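Chemist: Got a structure for you, written out below as structure tokens; questions coming shortly.
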Amino acid sequence: MAIQCKGMLVVLDITKTNHLHVIKSVAKNAAQTPSQSVYKNVNISSAVKKLTVAVLSLGLLSCIAYPQSGANFMESENTNNSVTEILPNSGKPVVYQVFTRLFGNTNTTNKPWGTLKENGVGKFSDFTPQALQSIKALGTTHIWYTGVPHHALATSYLNIGITDDDPDVIKGRAGSPYAVKDYYNVNPDLADNPANRLQEFEALIQRTHQHDMKVVIDIVPNHVARRYHSFSSRHDNFGANDDTSKTYSRDNNFYYIPNTPFVLPEGVAETVLGCAVTGKDQHHLVDGQFDEFPAKWTGNGSRAPQPDINDWYETVKINYGVKPDGSYDFPKLPEAYRNMPVEEHAAFWANKSLPDSWYKFRDIAIYWLDKGVDGFRFDMAEMVPVEFWSFLNSAIKQRNPEAFLLAEVYQPDKYRDYIQLGKMDYLYDKVGFYDTLKSIVRGEGKVSELVSTRKDVADISSHMLNFLENHDEQRIPSADFAGSAKQGKPALTVSALINTAPFLLYFGQDVGEDGSEDMGFGSPTRTTIFDYAGVPAHQRWMNLGKFDGGQSTAEEISLRRFYENVMQIASNNTAIRGDFVSLHQANLNQAVLEGNSYEELQRARPRAYTEQQFAFIRHAENNAILVIANFSKEATGEFTLTIPSGDMTEINALGRRFNSTKPISVKALLPHDDATMTATDNGLEITISLAGLESKVFDLVPD
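Numbering (full-length UniProt numbering), first residue to last: 1 to 703.
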């Protein structure tokens, strides 16, 4: 809490209980100087902690209290202004995905195919208190540190006993974070002292927890690096005990092509470390060959000894007891377990004999939980049997019941299997919600399609994580998505506030990073995950570690504030934990309902609610908010939005507050004007107008 005072010293005595912070302001001796300000931790029980903060500002006698950027404060209306409550996250989880290698890099060289020395690299130590507070200001509850497990990379660490990886099977200079070579240690690129890299990551876990956020890392059970070798574990390496004379054996970790050598994909030589650009003298191991005998199946399932250049040739497929003909070499989970708790799942697997790979990945997950990691994002989970997920996730939940489990599944017909049988907490809602929303942002789709798509997953909506960007998708300002960061603003409001499931932000999204850099492997529109790079818009916000936007443009600062405002509603408003009511169909002009085209409607009634606006209510027992977003670049003009009387009866909080025809003011939760709502025979009505691409959120029933 920052306090501006004139002529007095204000001491904030912060008492922290399990779920509530109470700040008590007491005027103290004004003679104390700023250098005597005290940050004092009182050693009492873990449930109650006190922090005393003294702040002095000279001048006339007056005080103004204001929250730091993004902090969640609720000011008391008590006339003495002596108490300010800082509420805990009472809305939905917010996941901030950060590409760890890129986040703190201040180097702006951005040479295509540049080395670590040329282009720089981010470190664990870049996540300073200032950095973590900047992340927290976006409502973040979980940080997904992408690229932490030690993966294959072209930079040499022979000096600390790590064997070099062969660049012929590495994508980019820095390597793919999804070609893991050692699950029991972390990427040495990310450490100030690579020999102490694990300890540096453990310190980052502690710092993250100290800022009231949880730590999520990737586990990639479907595949590992072409040459997996852990230097850090007493566990056997993947493949160490395999019978390589057989294509398949239940306890082999890999699939093999017996008596056949692996051959690099045709055309791959031109992609190795950018040889066509940099020359082959850039690395002593570049020779157009990779020694693997017998050849293994490639990560995406290719069974050819020479995979295609578009295959995941840098990885090998893990064997979970699925035979080459697709049949299973492990017990099938009975359908009755679909709605059973994780304890029953754990009991089911307890005495079963299972493939060796199952146990290896269980041990990996438990290892990281014991290090303090709070959850996992599972890459390409749909390529691994549901039964394995039941086994793994029940083991994880036995160790940490609050573990956060997010999975990448793109087949809607399998969503419920991975949630109910596989015991995933959350899945990406990409194929339905994201793809439909993207088409609306691009002017190619209608909001009604989004409403319909949401109905398809209504029964599992609390498990379907929304996002607008991640490392796999195009940046919003790129031509392949919205073309500008501003164009994506209504999509943020809708996707962040429409359901109870977590929302995911990608680093740099909040300041309009466009992904336009062509850094080597891959192509622009997505920020590189394969090469060493700086991320320009994010670097401007980072401002050499100050994280104050000191180099950002006015447009970037404005966007950042918009993101903070929306994400604070998502993270802290209790209505977000409640139910959803769409107002879309009820407010579409009758002409649309009767089948007339959108263009005809716009010509006839340019100020009506159309397929380019989306209004909905989120409500809990004692709280309700109204959300409306305009996907059009054009202003709507003034129109009347209706909450039908039938919907009012479903929303208890509305019925209690709006029980007469007297107009009632409703407070704006974003930086726009308040509005007035009136009860009529048809329901509730609010007169509203929206600027192009504007979103408005109203607190209909304050909590």
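Note that the Cβ used here is the ideal one computed from N, Cα and C, for glycine as well. Keep in mind it's a predicted model, so treat the numbers as computed, not measured.
#1: What's the gap between the Cα of F547 and the Cα of S176?
#2: Output needed for F201: all residues of its chain with C-beta closer than 7 Å, excluding positions within five of it in sequence on either side, in chain order.
#3: What are the partner residues of V581, as DSSP defines its beta bridges?
#4: Just reading off the beta strand (DSSP E) that V220 is part of, what are its end residues?
#5: For a quick check, are the C-beta atoms of F99 and T493 less than 8 Å apart?
#6: Name the DSSP bridge partner or partners of K667?
#7: Given a threshold of 16 other Cβ atoms within 10 Å of its Cβ, counted over all protein chains shown, does D472 qualify as buried or as exposed?
#8: Would you identify the three-state DSSP class for F631, choosing helix, strand or coil?
#9: Would you please state the rounded distance, in angstroms, between the beta carbons of T155 and L116? I believe it to be under 8 Å.
#10: Are three or more beta carbon pairs between the region 660-672 and the region 693-703 nearer than 8 Å?
#11: Let me make sure I understand the geometry here. Which of P307, N466, K423 and N400 has the alpha-carbon closest to that of G344?
#12: Whether or not the region 504-516 and the region 460-474 are in contact is what I'm after, with contact meaning three or more pairs of Cβ atoms, one per stretch, closer than 8 Å; do they touch?
#13: Does DSSP classify L492 as helix, strand or coil?
#14: When the Cα of D126 is compared with those of G104, A691 and F616, which residue comes out closest?
#15: Quick one: Cα of A691 to Cα of N630, how far?
#16: What residue does the beta strand (DSSP E) around V386 start on, and which one ends it?
#17: Using 8 Å as the cut-off, can you tell me whether the region 236-249 makes contact with the region 154-169, which would need three or more C-beta pairs spanning the two stretches below that distance?
#18: If we call anything under 8 Å between Cβ atoms a contact, is L544 one with A624?
#19: Could you check the C-alpha separation between M648 and M567 for me, to the nearest Å?
#20: Looking at C-alpha atoms only, which residue of N499, L626 and T108 is the closest neighbour of K455?
#21: Whose CA, out of G445, N119 and F378, lies closest to the CA of D425?
#22: So, do the region 531-541 and the region 637-654 have three or more beta carbon pairs nearer to each other than 8 Å?
#23: Is the beta carbon of H584 sitting closer than 8 Å to the one on A615?
#24: Mind checking whether V224 and T141 have CB atoms under 8 Å apart?
#25: Measure the alpha-carbon distance for F530 versus T676 and round it to whole angstroms.
#26: Could you round the C-beta distance between D329 and R250 to whole angstroms and report it? I think they count as a contact, below 8 Å.
#27: Mapping DSSP to helix, strand and coil, what is W297?
#28: Taking Cβ to Cβ, would you say I162 is nearer than 8 Å to V215?
#29: Take every Cβ of the region 379-398, pair it with every Cβ of the region 318-335, and state whether three or more of those distances are shorter than 8 Å.
#30: For Y96, which of I160, A407 and D510 has the nearest alpha-carbon?
#31: Taking the alpha helix (DSSP H) that R454 falls in, what are its first and last residues?
#32: I need the DSSP call for K246, collapsed to helix, strand or coil.
#33: Is it the case that the region 352-361 contacts the region 241-255, given that we only count it when at least three CB pairs across the two stretches are under 8 Å?
#34: From R416 to P93, what distance separates their C-alpha atoms?
#35: Here's a check: name, in chain order, each residue in its chain whose Cβ is nearer than 8 Å to the Cβ of P412, leaving out the five neighbours to either side.
#36: Kindly indicate the opening and closing residues of the alpha helix (DSSP H) around H538.
Modeler: In short, the structure shows the following:
#1: Cα atoms of F547 and S176: separation of roughly 27 Å, rounded to the nearest angstrom.
#2: Excluding positions up to five away in sequence, the list reads F124, V148 and V186.
#3: Beta-bridge partners of V581 (DSSP): I617.
#4: It is not in any beta strand (DSSP E) - V220 carries neither H nor E in the DSSP assignment.
#5: It is not a contact, given that the beta carbons lie outside the stated cut-off.
#6: Answer is D699, bridged to K667.
#7: The Cβ neighbour count for D472, taken over all protein chains shown within 10 Å, is under 16; the residue is labelled exposed.
#8: DSSP places F631 in coil when its eight states are reduced to three.
#9: Contact check for T155 and L116: beta-carbon distance about 5 Å, within the 8 Å limit, so the pair qualifies.
#10: Output reads yes: the region 693-703 touches the region 660-672.
#11: Per the sequence presented here, residue 344 reads as Glu, with Gly not at that position. Ranked by Cα distance from E344, the first of P307, N466, K423 and N400 is K423.
#12: Yes, they touch.
#13: In the displayed model, L492 falls within a helix according to three-state DSSP.
#14: Selection G104, A691 and F616 evaluated against D126 yields G104 as nearest (Cα-Cα).
#15: Roughly 8 Å separates the two Cα atoms.
#16: Looking at the DSSP string, V386 is not in any beta strand (DSSP E); the run it does join, the alpha helix (DSSP H), is V386 to R399.
#17: With a cut-off of 8 Å on Cβ pairs, the region 236-249 is not in contact with the region 154-169, counting fewer than three such pairs.
#18: Not in contact: L544 and A624 (Cβ atoms no closer than 8 Å).
#19: If you take the alpha carbons of M648 and M567, they lie about 27 Å apart.
#20: Comparing Cα-Cα distances from K455 to each of N499, L626 and T108, the minimum goes to N499.
#21: Nearest neighbour of D425 by Cα position, chosen from G445, N119 and F378, turns out to be F378.
#22: Touching, no, given that fewer than three Cβ pairs across the two stretches are closer than 8 Å.
#23: Yes, these two residues count as a Cβ contact at 8 Å.
#24: With contacts defined as CB atoms closer than 8 Å, V224 and T141 fail to qualify as a contacting pair.
#25: Spanning the two alpha carbons is a distance of roughly 52 Å.
#26: Right, the Cβ-Cβ distance comes to about 5 Å (below 8 Å), so this counts as a contact.
#27: Looking at W297 - three-state DSSP - the assignment turns out to be coil, as it is neither helix nor strand.
#28: Going by C-beta atoms, I162 is not nearer than 8 Å to V215.
#29: Contact holds: three or more Cβ-Cβ distances are below 8 Å.
#30: Taking the Cα of Y96 as reference, the smallest distance to any Cα among I160, A407 and D510 is reached at D510.
#31: R454 -> alpha helix (DSSP H) spans V447 to D456.
#32: Shown here, K246 sits in coil according to DSSP, grouped into three states, outside any helix or strand.
#33: Cβ pair count under 8 Å is three or more, so yes.
#34: Roughly 21 Å between the two C-alpha positions.
#35: The residues are V431, G432, D456 and V457.
#36: According to the DSSP assignment, H538 belongs to the alpha helix (DSSP H) that extends over P536 to M542.
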